[in-house]
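Below is one structure, written out as structure tokens; the observations come after it.
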Amino acid sequence: MKDTKQKWFKEAKFGLFIHWGLYALLAGEYKGVKTNQIAEWIMNYLDIPVEEYEKLAGQFDPVNFDAEAIVKLAKDCGMRYIVFTSKHHEGFAMYHSACSPYNVVDATPCKRDILKELQLACEKYDMKLGLYYSQAQDWHDPDGYMAKKDNSGKNYRAYLDRKCMPQLRELLTNYGEIALIWFDTPMGTTPEESMEMAKLVKELQPNCIVSGRIGNGLGEYMTTGDNFIPRLPFEGDWEVPATLNDTWGFNKDDHNWKSAEEIIQLLVKINSRGGNYLLNIGPDGTGNVPEESVQILKKVGAYVRANEEAIFATKRMPVYPYDLTWGDLTCKEHHLYAHVFRKIPRVEILNINNQVKRAYLVETGEELAWKVGKSCEGDGYIVVELPKEYLKKEYFCIGIELEEEMPNFEPIKE
């Protein structure tokens, strides 16, 4: 079981992922050929030569990028942490790296340290900052691994010494307090090499969390597969990295956006099963966040802010034996929360063996009428009556205060 031993991570529940790099300029298309894969992998999937791809740096001038606006958006949406791609698989550093000139300050006309701007904005708005770092794949470095290609002639140790380890040291030395390092795709990294990276992180910043994708069974929390959710409540600390459409990096042709309602349901489902939801945006080549992303996040944020008691610092739910057609449940000490996603006449929860103290609307605190009993079939139940104005409403939450510490979904004993 993974354990970060970090209270903030256990309680955070909702974070913002930002995938941004040179791939945003291509926006899913290279020389008239569109990728049918995730846009940030375009160099790999379309076999773009290094000498061609690196020319993108000379065009990178994101005049519309506003770190404060992005951090404030995350804050307003109730997100508790941000993870930014300091270096993705393309090998391009989105900060001022002294060990590689292939970075956003030295190789581009913008000359801006994007990570520094994000760091300062996060500090201003009291937002935890985490960094994605591609430790094994580096398609620009001749010795970095490249998925789906022949890596047999590469000197991975030389790459680690020349670029990976020095860049990790830079990131953890020059950019304030880093909440976590989000490693990815360890590929051929050995257990000893993964341990070496983890030790460096802890040496420089002992409170910095190491993600599970460092590989070889290490890491302090489990990261699921992209957009995958455990079917049942999952023990320990874990996180679902997820997209708003079908890509991580910006793709001008990907308009398959999830609705705000879908995102709310996914957030609650993940929280109910004990995890955090790390939801991605992909700014375009000028630094703009797609308007669709902004509008979806604002709608999700309205629900989160209204019902934050039922989202943040919630615990892993005991297994509930029924599918709820109207919504989902979250819980914390002495509280059960019923998230209602469709119109219903009342909230009814079967098979629960708990003493109830009160019921209320989470968003207003209004006290609600409730009763407990036993059905003809012998199941215990709680029924909460809804105010008249909520009978035709969707996406709200009912709080139920319990005598016992946690919900008990065992049948009442005869």
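With the numbering used here as the guide, the letters of the sequence shown map in order to residues -2 to 411.
Just so you know, even glycine gets a beta-carbon here, dropped at the ideal spot from N, CA and C.
Fair warning: this is a prediction, and the values are worked out from it, not measured in the lab.
Asked	Found
Supposed contact pair A335 and I453 - C-beta distance, whole angstroms, cut 8 Å	This structure gives no information on residue 453, because the portion of the chain shown stretches from -2 to 411.
Ordered list of alpha helix (DSSP H) runs contained in the segment 228 to 297, each at least 4 residues	257 to 269
Proximity of D250 and K28 at Cβ, strictly below 8 Å	no
Cβ neighbours of Q34 in the same chain (closer than 8 Å, five flanking residues each side left out)	Y42
Collapsed DSSP secondary structure at E364 in the structure displayed	strand
Sheet register partners of K84 (DSSP bridge)	A90 and Y130
Distance between beta carbons of L229 and Q166, contact taken as under 8 Å	According to the sequence provided, residue 166 is Arg. The question's Gln does not apply to it. The Cβ separation is near 40 Å, so there is no contact.
Cβ neighbours of V286 in the same chain (closer than 6 Å, five flanking residues each side left out)	I278 and P280
Cβ-based neighbour list, N112, same chain, cut-off 7 Å, excluding 5 preceding and 5 following	Residue identity differs from the one stated: residue 112 is Leu in this sequence, not Asn. Hits under 7 Å: F81, S83, M91, Y92 and Y172.
Assigned exposure category for K125 - 16 Cβ within 10 Å defines buried	buried
Nearest neighbour of L215, chosen from V344, P183 and I226 [CA to CA]	P183
Cβ neighbour criterion (16 or more within 10 Å) applied to S372	exposed
Rounded Cβ spacing between A257 and I293 (contact assumed at less than 8 Å)	5 Å
Of the residues S208, Q132 and V337, the one placed nearest F6, counting alpha carbons only	S208
Of the residues L347, R302 and R313, the one placed nearest D320, counting alpha carbons only	L347
C-alpha gap between I226 and Y218, whole angstroms	15 Å
Span separating the alpha-carbon of L263 from that of Y317	17 Å
Extent of the continuous beta strand (DSSP E) run through K354	V353 to L358
Neighbour-count burial assignment, M194, 16 or more Cβ in a 10 Å radius	buried
Buried versus exposed, by CB contacts within 10 Å (16 or more), L388	exposed
Proximity of A144 and Y78 at Cβ, strictly below 8 Å	no
Outcome for P404 when other beta-carbon atoms lying within 10 angstroms are tallied against a minimum of 16	buried
Every unbroken beta strand (DSSP E) inside the segment 34 to 115 [3 residues or more]	78 to 84
Helix, strand or coil at I206 [DSSP, three-state]	strand
Nearest-angstrom beta carbon gap, Y50 and A36 [assumed within contact, 8 Å]	About 13 Å separates the two Cβ atoms, so there is no contact after all.
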